[in-house]
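Numbering (numbering that gives the first Met the number 0), first residue to last: 0 to 185.
Encoded as structure tokens, the structure appears first; notes follow it.
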Amino acid sequence: MIWNEIVSAVCIGLSTMVFCISMQMQSKTKLMAIQIISSIFYISSYFFVITVTASALSGAIIASVEFLRLIVYYLIEKSKRFNTPNINLMIGIIFSVIVAICTALSWAGWISGLPLIASVIISMALGFQRIVYLKWAFLVNAMLIFVYLLLMGLWFNASAQFVVMIFIAFSLIKYLIKRKKYVQIV
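This is the structure in structure tokens:
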């Protein structure tokens with residue numbers, strides 16, 4: 000039982016490391032490709048915990064839906080034909096509804112709303128063309144998930160999420176500094 004928790008923690012650590020690398024990407028396609036790898040580690044962490052607690056199953060299901068959402072958006076981003084604002088909006092709505100249904104099936108009170116809101120924010124932001132909007136959405140998402148993990152008493156996961164928040168913030172600061180220098184030159 001303790002080995003499952005250790006392997007789960009390692010998967011969370013690897014997921015966090017890969018996610019932080021993705022935040023340094025300036026291309027939305029590269030960012031999503033690297034996050035697909037991060038999601039694989041994140042989903043794996045749940046499957047090691049499921050043997051300890053059955054309540055991890057709902058988290059694994061929602062993480063799997065979010066993984067599929069990321070793959071769909073990645074494929075659309077690479078496709079010039081289907082990469083339109085209307086299709087992106089439609090996919091965002093579809094995945095938001097799917098996550099809402101999964102959340103409703105495993106509802107544990109108002110606290111279940113935090114990951115739901117976080118997921119809806121990312122579902123809609125993945126359709127934006129500018130990567131800076133996506134990074135802002137990831138920061139809000141990370142904050143909501145951080146609060147959720149603290150309230151759930153998942154300290155290791157919360158500390159990993161805090162690291163993610165720091166990396167996203169640094170990525171945004173780096174972008175804003177670069178943009179300010181560009182504006183001053185022009």
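Yeah, the Cβ is synthetic: ideal placement off N, Cα and C, and Gly gets one too.
Classification of Phe137 by the beta-carbon crowding that lies within 10 angstroms, buried from 16 upward | Here residue 137 is taken as the residue at index 138 of the sequence shown, counted from 1. Per the 10 Å Cβ criterion, buried.
Just how far apart, CA to CA, sit Val185 and Ile39?
-> Taking the first residue of the sequence shown as 1, we reach residue 185 at position 186. Taking the first residue of the sequence shown as 1, we reach residue 39 at position 40. With a pLDDT of 47 at Val185, under the threshold of 50, the modelled position of this residue cannot be trusted, and the question is left open.
Beta carbon of Ser19, beta carbon of Tyr41: below 9 Å?
-> Position 20 of the sequence shown holds residue 19. Position 42 of the sequence shown holds residue 41. First, the amino acid is wrong: residue 19 is Cys here, not Ser. Going by C-beta atoms, Cys19 is not nearer than 9 Å to Tyr41.
Could you give the uninterrupted runs of the alpha helix (DSSP H) lying entirely in the segment 28 to 80, keeping only those of 4 residues or more?
-> 55 to 77
Could you give the DSSP three-state label for Asn82: helix, strand or coil?
-> Walking along the sequence shown from the start, residue 82 turns up at place 83. If DSSP states are grouped into helix, strand and coil, Asn82 belongs with coil.
Using only alpha-carbon positions, find the residue among Trp106, Ser158, Ser118, Phe94 that is nearest to Asn140.
-> In the sequence shown, residue 140 corresponds to position 141, counting from 1. For Asn140, the nearest C-alpha among the options comes from Ser118.
Can you name, in chain order, every residue of its own chain whose Cβ lies under 8 Å from the Cβ of Tyr132, other than the five neighbours on each side?
-> Position 133 of the sequence shown holds residue 132. So the qualifying residues of the chain are Ala124.
Close beta carbons around Tyr45, own chain, < 7 Å, minus the five adjacent residues each side | Your numbering for residue 45 matches position 46 in the sequence shown. Counting only Cβ-Cβ distances below 7 Å, and skipping sequence neighbours, we find Ala55, Gly58, Ala59, Ala62.
For Ser37, which residues of its own chain have a beta-carbon under 6 Å away from its beta-carbon, when the five flanking residues on both sides are left out?
-> If you number the sequence shown from 1, residue 37 lands on position 38. Taken in chain order, the residues that qualify are Ser14, Val17, Phe18.
Cutoff 6 Å; reference Met22; Cβ partners in own chain excluding five residues on either side | Position 23 of the sequence shown holds residue 22. Excluding sequence neighbours, Met22 sits near Phe166, Ile167, Ser170.
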